[in-house]
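The sequence shown begins at 4 in the numbering used here and counts up one residue at a time. Backbone N, C-alpha and C fix where the C-beta goes; we use that ideal spot for every residue, glycine too. Just so we're clear, the structure is a prediction, and the values are computed from it rather than from any experiment.
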Amino acid sequence: MSIKSLLSIPLLLIFMSGCTLFRPSIQSQLTPMEMTRIQGGTFTMGDVFEEGNDDSLPLHEVILNDFYIGTFEVTYQQFDTFADVTNRSRPRDDGRGRGSRAVVYVDWYDAVDFCKTYGYRLPTEQEWEYAARSGGLNHLYSGTSNPDSLTHYARYSDNSGAYTFDVGTKRPNDLGLYDMSGNVSEFVGDYYPFFKTDPDSIEYYPLDERGMRVIRGGSFNSSPENVLRTYWRVGVLAELGDHTLGFRCAVSADER
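Pasting the structure below:
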């Protein structure tokens with residue numbers, strides 16, 4: 004065999020295995036996600052407005068380290084790309100459009116998988132409330148405590164036309180985060196305990212047998228009198244994915 008033939012063998016092997024050697028990583032194929040760094044601190048979590056919401060009591064002090072959270076809710080464009088590169092079905096859109104619209108019809112497990120693929124996770128319930136309240140301020144809604152100003156910050160029952168919108172079309176809160184009240188209700192990483200009976204049970208990723216998960220922030224379908232409030236908590240089955248449920252991702256600052 005000639006020297007030329009011998010030299011060609013490694014090249015042929017590289018060519019034949021090129022699909023494996025030069026295949027881009029999954030992360031490199033994902034649509035970028037804007038994250039905002041949140042300075043940690045101490046805040047009082049729960050119904051600080053004393054509106055009698057037993058599910059958000061007792062008030063308790065929470066200490067948080069710095070973390071990052073999605074500036075916007077996850078969009079159809081981002082989730083569609085994730086679905087394509089991980090060989091899963093794209094979620095339905097009811098003919099309302101995709102692109103920059105907040106993704107819906109995803110369940111808690113979909114949200115966890117999506118964030119994990121980016122190297123992130125879902126925010127804890129404490130992180131979510133702290134961020135929605137602009138660093139633990141006593142804001143009734145994300146960005147304001149004035150119901151008359153809410154329309155400038157949120158898509159909700161009074162101004163949404165009963166469907167979700169592109170993310171970031173309303174004003175951000177003081178930390179630069181959009182749609183923390185309204186547009187879509189957001190899954191967080193925690194299972195759903197009652198503070199009164201289980202105040203110390205909040206954790207990052209709960210045991211699978213605890214099937215209820217917390218959602219926060221309210222949606223385009225929500226009323227200012229309840230779930231749009233920054234402290235309001237709702238529990239849903241982890242497997243539930245409907246036209247009101249979406250999410251955003253987070254990550255600890257020392258893990259990014």
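- For S255, DSSP records a beta bridge to F70.
- Nearest to T78 by C-alpha distance, out of A256, S255, F250, is F250.
- As for any alpha helix (DSSP H) of minimum length 4 sitting wholly inside the segment 77-149, the runs are 79-88, 111-120, 128-135, ordered along the chain.
- Just measuring C-alpha positions, the residue of N224, W235, Y159 sitting nearest E54 is W235.
- For S163, the secondary structure class from DSSP, reduced to helix, strand or coil, is coil.
- Assignment of beta-bridge partners to D50 by DSSP yields no partner.
- Here D193 carries a strand assignment [DSSP, helix/strand/coil].
- V237 is the residue among G214, V237, M36 whose C-alpha sits nearest the C-alpha of G221.
- Assignment of beta-bridge partners to D169 by DSSP yields R104.
- Taking 8 Å as the upper bound for CB-CB distance, P126 and V191 are in contact here, some 5 Å apart.
- Around the C-beta of Q30, fewer than 16 other C-beta atoms lie within 10 Å, and the residue is accordingly described as exposed.
- Distances from the alpha-carbon of T154 to those of A135, G102, R174, G43 put R174 closest.
- According to the DSSP secondary-structure assignment, M215 is paired through a beta bridge with L240.
- Annotation: D87 to R101 spans about 14 Å, alpha carbon to alpha carbon.
- Closest option to P196, judged by alpha-carbon separation, among F52, S255, S188, S59: S59.
- Rounded to the nearest whole angstrom, the CA to CA distance from V230 to R219 is 7 Å.
- Between G185 and S225 a beta carbon distance of about 7 Å is seen, short of the 8 Å cut, so the two are scored as contacting.
- By the Cβ rule, the segment 239-253 counts as touching the segment 109-118, because three or more pairs are nearer than 8 Å.
- Straight-line measurement puts the Cα of T120 at about 18 Å from the Cα of T74.
- Rounded to whole angstroms, the gap between the alpha carbons of A134 and E76 is 13 Å.
- The Cβ atoms of M38 and V65 lie no closer than 8 Å to each other.
- When the alpha-carbon of E189 is set against those of L62, N56, E130, the nearest one is in E130.
- F70 places its beta carbon 8 Å or farther from that of V217.
- In the three-state scheme derived from DSSP, where H, G and I count as helix and E and B as strand, S59 is classed as helix.
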